[in-house]
Amino acid sequence: QVHLVESGGGLVQPGGSLRLSCAVSGSIFSIANMGWYRQVPGSQRDLVATITDSGNTNYADSVKGRFTIFRDNAKTTLYLQMNSLKPEDTAVYYCNTVHYFGGGSWGQGTQVTVSS
């Protein structure tokens, strides 16, 4: 079992930056891929960025060039550096892990609000 806790969300002005963190605990050895998703009320949860066990990254087109996903080598913390934030980036951001033997885990989410 993997437990995820996000932090770092908040209110930021357009053009500003935030760094989200996801603390990972439990059966870390079972984690294959890790990622960030976001959701606004009334909409589905959308992929923001993912990172594989080998370090390959993938980004949604809407965040390419502005967001960076990275983690420590031990997979104990996952990060999302968000620059040049826009109002449309406002959402609840969730940390996610996908496991080698099936299944995965979600964090409880952290709110990001981009507004002047």
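Start counting the sequence shown at 3; every next residue gets the next number (my numbering).
Backbone N, C-alpha and C define an ideal beta-carbon position, used for all residues, glycine too.
When the alpha-carbon of A51 is set against those of C97, T115, A34, the nearest one is in C97.
By alpha-carbon distance to A25, the top candidate from D55, G37, F103, Q15 is G37. Rounded to the nearest angstrom, the Cβ distance from M84 to D74 is 18 Å, too far for a contact under 8 Å.
Rounded to whole angstroms, the Cβ separation of F69 and Y61 is 6 Å, and the two are in contact under 8 Å. Burial check for L6: the Cβ neighbour count within 10 Å reaches 16 or more, so the residue is buried.
Here E8 is bridged, per DSSP, to C24. S107 carries a strand assignment under DSSP once its states are collapsed to helix, strand and coil. Beta-bridge annotation (DSSP): Q83 is paired with R21, T70.
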